[in-house]
Amino acid sequence: MKRTSDRSFDNPTIDRRHFLNMALGACAMTPLVSFNMQLAASRNSSLTKEQRDSMTPLQVIDELKKGNERFRAGKMVPRDYLGEKRSSAAGQFPAAVVLGCLDSRVPGEIIFDAGIGDTFIGRVAGNVVNDDMLGSMEFACALEGAKVVLVLGHTACGAVKGAIDDVVLGNLTGLLARIKPAIAATKFDGERSSKNATYVNAVARTNVMLALAEIRRRSPILEELEQKGSIKITGAMYDLLIGSVEFLGS
Ligand SMILES: [Zn+2]
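Residues 12 to 261, numbered by the working numbering, are exactly what the sequence shown covers, in order.
What follows is the structure, encoded as structure tokens:
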């Protein structure tokens with residue numbers, strides 16, 4: 012996939028310079044990286060290559076955390092989707108790839124307050140790893156330059172409940188089988204039932220951690236990028252009720 016060097020239209024330079032000047036005036040001691048990350052700024056354009064490439068994987072994770080905090084607090088940045096659409100049409104430079112659940116209540120772009128072109132989002136019930144998701148993550152990182160692979164589980168996950176309940180239904184059966192190792196690996200004192208929310212969330216958490224190991228095991232490409240420090244592979248849990256994302260590490 013060919014990448015264009017930069018935006019060819021809808022140049023946001025003037026707005027950005029204005030923002031930078033404001034940021035510099037407000038806090039001259041702040042390191043450069045903390046105010047040129049456009050995941051966080053008032054937005055009318057998508058991430059540029061320069062902006063994305065200037066971030067380390069840990070800085071990208073930090074931006075995701077800040078974005079989620081804005082969402083949780085109801086202080087999302089004003090966003091011009093049409094401007095973002097125009098600015099990203101000629102090329103995309105997303106900072107992260109998220110493997111999230113199909114669940115309608117866990118839309119990655121919204122809960123991280125990210126815009127069009129900022130993140131790759133792959134969604135499948137139970138945020139399970141499979142060959143196509145691995146290929147998508149390799150595309151995102153090795154070819155497109157994303158810095159973070161985030162496996163995002165969530166509370167009250169229906170797929171996790173289904174795996175616990177041994178649901179059998181067409182192709183879903185095979186998908187749920189990918190979650191079952193997390194059931195076996197979850198140490199839990201108490202009722203091991205899909206009706207026990209604490210247990211369901213514990214399994215979902217294990218499912219995320221096992222997914223991280225599986226990504227490294229099944230994708231030498233991603234593992235090597237992580238070893239080199241080019242990317243970070245990490246996990247998180249989203250709380251449906253509170254709206255917060257808890258980063259679990261790797
Ligand atoms: Zn789910």
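Don't be surprised by glycine CBs; every beta carbon is placed ideally from N, CA and C. Keep in mind it's a predicted model, so treat the numbers as computed, not measured.
query = Sorry if obvious, but does the Cβ on residue 152 come closer than 7 Å to a heavy atom of ligand 1?
reply = For this step, residue 152 is matched to residue 141 along the sequence shown. No - ligand 1 has no heavy atom lying nearer than 7 Å to the Cβ of residue 152.
query = For the candidate residues 223, 212, 233, whose alpha-carbon lies nearest to that of residue 251?
reply = Indexing the sequence shown from 1 puts residue 251 at position 240. Of 223, 212, 233, the residue nearest in Cα terms is 212.
message = Following a CB-centred definition, is residue 114 positioned closer than 7 Å to any heavy atom of ligand 1?
response = For the purposes of this step, residue 114 is taken as the residue at position 103 of the sequence shown. Result yes, Cβ under 7 Å from ligand 1.
request  = State yes or no: is the C-beta of residue 263 within less than 8 Å of the C-beta of residue 108?
outcome  = The displayed coordinates of the chain run from 12 to 261. Any statement about residue 263 would go beyond what the structure contains.
query = Under a three-way DSSP split, which group does residue 122 fall into?
reply = The sequence position of residue 122 within the sequence shown is 111, counting from 1. Helix at residue 122.
key: residue 184 classed as buried or exposed, judged by whether at least 16 other C-beta atoms fall within 10 angstroms   = Here the question's residue 184 lines up with position 173 in the sequence shown. Answer is exposed; the Cβ neighbour count stays below 16.
ask   = Would the C-beta of residue 247 count as close to ligand 1, meaning under 7 Å from any of its heavy atoms?
value = Taking the first residue of the sequence shown as 1, we reach residue 247 at position 236. Residue 247 Cβ: outside cutoff for every heavy atom of ligand 1.
query = Which residues share a DSSP beta bridge with residue 244?
reply = On the sequence shown, position 233 is the one that residue 244 refers to. Paired residue(s): 160.
ask   = Do the segment 118 to 126 and the segment 135 to 145 touch if we need at least three Cβ pairs shorter than 8 Å?
value = no
ask   = Going straight from the alpha carbon of residue 246 to that of residue 97, what length do you get?
value = Counted from its first residue, the sequence shown places residue 246 at position 235. Counted from its first residue, the sequence shown places residue 97 at position 86. Rounded to the nearest angstrom, the two C-alpha atoms are 32 Å apart.
query = When we look at the beta-carbon of residue 170 and count the other beta-carbons within 10 Å, is it buried (16 or more) or exposed?
reply = Stepping through the sequence shown from its first residue, residue 170 is reached at position 159. So residue 170 ends up on the buried side.
query = Is any heavy atom in ligand 1 found nearer than 7 Å to the beta carbon of residue 136?
reply = The residue labelled residue 136 in the question sits at position 125 within the sequence shown. For ligand 1, at least one heavy atom lies less than 7 Å from the Cβ of residue 136.
request  = Have a look at 168, 93, 67 and flag the residue whose alpha-carbon is nearest the alpha-carbon of residue 248.
outcome  = Reading the sequence shown from its first residue, position 237 is the one you call residue 248. Considering only alpha carbons, the answer is 168.
query = Along the chain, which unbroken stretches of the beta strand (DSSP E) at least 3 residues long are found entirely within the segment 145 to 222?
reply = 159 to 165
request  = Determine the DSSP secondary structure at residue 110, reduced to helix, strand or coil.
outcome  = In the sequence shown, counting from the first residue as 1, residue 110 sits at position 99. It is a strand residue.
message = Just to confirm before moving on: does the CB-CB distance between residue 242 and residue 158 stay below 8 Å?
response = Position 231 of the sequence shown, counted from the start, is the residue given in the question as residue 242. Position 147 of the sequence shown, counted from the start, is the residue given in the question as residue 158. Yes, the pair counts as a contact, with Cβ atoms nearer than the cut-off.
key: Identity of the residues DSSP links to residue 256 by a beta bridge   = In the sequence shown, the residue the question calls residue 256 occupies position 245. According to DSSP, residue 256 bridges with 249.
key: Rounded C-alpha distance that separates residue 162 from residue 83   = Start at 1 with the first residue of the sequence shown, and residue 162 comes out as number 151. Start at 1 with the first residue of the sequence shown, and residue 83 comes out as number 72. So the two alpha carbons sit approximately 19 Å from each other.
inquiry  = Which residue wins for smallest C-alpha separation from residue 55, given the options 197, 155, 128?
reply    = Position 44 of the sequence shown, counting from 1, holds the residue named residue 55. Cα-wise, what sits closest to residue 55 is 128.
message = Checking 8 Å against the spacing of the C-beta atoms, do residue 173 and residue 154 come in under that value?
response = Indexing the sequence shown from 1 puts residue 173 at position 162. Indexing the sequence shown from 1 puts residue 154 at position 143. No.
query = Should residue 170 be listed as close to ligand 1, given that the test is whether its C-beta is under 7 Å from any heavy atom?
reply = Working through the sequence shown from its first residue, we reach residue 170 at position 159. Because some heavy atom of ligand 1 lies under 7 Å away, the Cβ of residue 170 counts as near it: yes.
query = Since residue 127 is in the beta strand (DSSP E), which residue starts that stretch and which ends it?
reply = Numbered from its first residue, the sequence shown carries residue 127 at position 116. It is not in any beta strand (DSSP E) - residue 127 carries neither H nor E in the DSSP assignment.
ask   = Quick one, which of 259, 239, 202 has its alpha-carbon nearest residue 221's?
value = The residue given as residue 221 occupies position 210 in the sequence shown. Taking only the C-alpha atoms, the option nearest residue 221 is 259.
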